[in-house]
Amino acid sequence: MSTPRTLLSRIPAAVVVTAAAALLFAITMGLRSAFGLFVSPLNSATGLGIAAISFALAVSQLVGGAAHPAAGLLAERYGAIRVVALGGVLLAVATALIPHAGTTAELVLVLALGAAAGAAAGSNGILLGIVHRHVAESRRGLASGIVGAGGSAGQMVMAPAAQALLAVAGWVSALWALALVALAIVPVALGLAARSDRSAQPAPAAPKVRADLRGDLRAALTSPLYWGVTAAFFVCGFHVSFLLAHLPGVIELCGLPPRVAGAWLGIVGLCNIVGSVAVGFVIRRVAMTRTLAALYAARAAGIALFVVAPKSEAVLMAFAVWMGVTYMATLPPTVGLIGQAYGTGRLASLFGITMFVHQIGSFLGVWLGGIAFEATGGYDALWWADVGLALVAAAICLAIREPAPIAAAPVTVATAAPPGRWIGALGELTAAAALRARRSWRRLGPVRVTIPAAARVA
């Protein structure tokens, strides 16, 4: 009889790692997206004010952004499993401590700890860096889309669930339940340790590849291409975080019931699954720069239409569908451009820096949203600023020249059964992770895997 570990070893490494990364992203993104639902209850319980809570949230976005490149460097030095698992534990602790933060300073510290932990546990750079090393270049866009869709699935499930817990058990109990969910990161992180087995055949020789990783980093940080993609991602951070933090408040201003906020976030997550996976296919046929430009232009159009439309439940749901399709669809082409230009060796570090800039945009979107609300009683100024920034991002992407791909390093991959037989792979992964959890922590070394150009996600 096959054990879960034996079954897991027969699943392609690319499938295991992609599934684990998608599940990790689902947990961290689900937790992040649900917190906007707690702003009003937290304000009622503490009396801190929307501006003060928005400032604490904004600082957490900035700290999380700074933690991304640091987490990438730590993962390269000590191994992704250790960094992700430790991040999961700290994220659970920080989430459980939120109800005990009675002052602005305490809330800033707790949310900052949670943001840093979340950056370690669900860093795009770490997760996609590992996925890209296991996946053939032709399938990397699709794999990135699947990981992004995992984050959307987490939002689709956790936001309505958190809203239901708020209504039934109260906001404190709901936060404690989310803290327990965060602990699931620890066993799931073991799926990132997929290795090739002894039956693998050596891959054919590949073209000479760039080996100077320090040179890659220096070349990127002086490249207009890198900073153009990063500047556009700043805009993504601005409006995504603004929506997550303040859309529940917008819905409350419209006089609609609280359940609409949970449903809105859930629909965004559902539609983004479609958008993230679809864009993974699109960038295999359409230039990634043009795809990004179209996504940012679509966001600008959607926000402008929403601002001028009458605010009804039907309009809000239509807006959720529109924004959901583009919500995280910018991730695969952004990561793809960086990886295509500079290789996968430094993807964790380079995308960590890009995420830091993204989080600067998040800081401004969340903080300025709170200031605008207390100053004017609404968010119109931020909506129109968002439209302008999205149009600028679209123009920047059109001006970027698509880079030529860098050849991937040669590696070996495990022989595996046909992927169609592994519909239950995720369940077997969970069972195998429980067995792996018994191993000594010292045996979880850095993940150093190389993959041939012939490898495939499925």
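Everything in the sequence shown is counted per the working numbering, starting at 127 for the first residue and increasing by one.
Yeah, the Cβ is synthetic: ideal placement off N, Cα and C, and Gly gets one too.
Bear in mind that the values here come from a model prediction, so they are computed numbers and not experimental data.
If you ignore the 5 residues before and after Gly277, its C-beta comes within less than 7 Å of the C-beta of Phe151, Ala152, Met155 and Met454, all in its own chain and listed in chain order. Residue environment for Glu202: buried (at least 16 other C-beta atoms within 10 angstroms of its C-beta). Here DSSP, grouped into helix, strand and coil, assigns Tyr505 to coil. Taken in chain order, the whole beta strand (DSSP E) runs of length 3 or more contained in the region 176-258 number zero. For Glu439, the uninterrupted alpha helix (DSSP H) run begins and ends at Glu439 to Thr452, by DSSP.
According to the DSSP assignment, Val408 belongs to the alpha helix (DSSP H) that extends over Arg385 to Val408. It is roughly 7 Å from the alpha-carbon of Glu500 to the alpha-carbon of Ile176.
Per DSSP, reduced to three states, the secondary structure at Glu500 is helical. According to the DSSP assignment, Glu378 belongs to the alpha helix (DSSP H) that extends over Pro350 to Leu379.
Distance from the CA atom of Leu216 to the CA atom of Leu239, rounded to whole angstroms, is 7 Å.
In this structure Trp510 is exposed. Its beta-carbon is surrounded by fewer than 16 other beta-carbon atoms within 10 angstroms.
The three-state secondary structure of Pro458, taken from DSSP, is helix. Three or more Cβ pairs closer than 8 Å define a contact, and the region 428-439 falls short of that threshold against the region 248-262.
Ala357 is the residue among Leu396, Val386 and Ala357 whose C-alpha sits nearest the C-alpha of Leu524.
Look at Ile526 here: in three-state DSSP terms it is coil, with no helix or strand label. Under the DSSP assignment, Pro313 falls in the alpha helix (DSSP H) whose first and last residues are Ile311 to Ala315. In terms of Cα proximity to Gly381, the closest of Leu442, Ile522 and Phe360 is Leu442.
For Leu396 against Met282, the beta-carbon gap comes to about 5 Å, under 8 Å, which counts as contact. Annotated three-state conformation of Pro436 is coil, per DSSP.
One thing to note: Leu351 has its Cβ no nearer than 7 Å to the Cβ of Ile479. The shortest C-alpha to C-alpha distance from Lys437 to any of Leu517, Val386 and Ser264 is the one to Val386.
Taking one beta carbon from each stretch, the region 264-276 and the region 399-407 have 3 or more pairs nearer than 8 Å; the two touch. Each of Ala521, Gly465 and Ala305 was checked against the Cα of Ala345, and the nearest Cα belongs to Gly465. Judged by DSSP secondary structure, Ala145 falls within the alpha helix (DSSP H) whose first and last residues are Ala139 to Ala160. Between Leu183 and Ala308, the gap from beta carbon to beta carbon reaches 7 Å or more. In the structure shown, the three-state DSSP call for Arg411 is coil.
Membership of Arg266 in the alpha helix (DSSP H) is indicated by the continuous run Arg266 to Ala295. For Leu174, the secondary structure class from DSSP, reduced to helix, strand or coil, is coil. A straight line joining the alpha-carbon of Gly401 with that of Leu254 spans about 18 Å.
In this model, Gly487 and Ala315 are separated by some 28 Å (Cα to Cα). Distance from the CA atom of Leu235 to the CA atom of Leu473, rounded to whole angstroms, is 29 Å. The beta carbon of Gly495 sits closer than 7 Å to those of Ser180, Phe368, Ala371, His372, Tyr505 and Leu508, all from its chain and outside the five residues before and after it, given in chain order. Straight across, the Cα-Cα distance linking Phe364 with Asn169 is about 23 Å.
For Ala305, the closest of Ala419, Leu379, Leu291 and Thr221 by C-alpha to C-alpha distance is Thr221. Here Leu301 carries a helix assignment [DSSP, helix/strand/coil].
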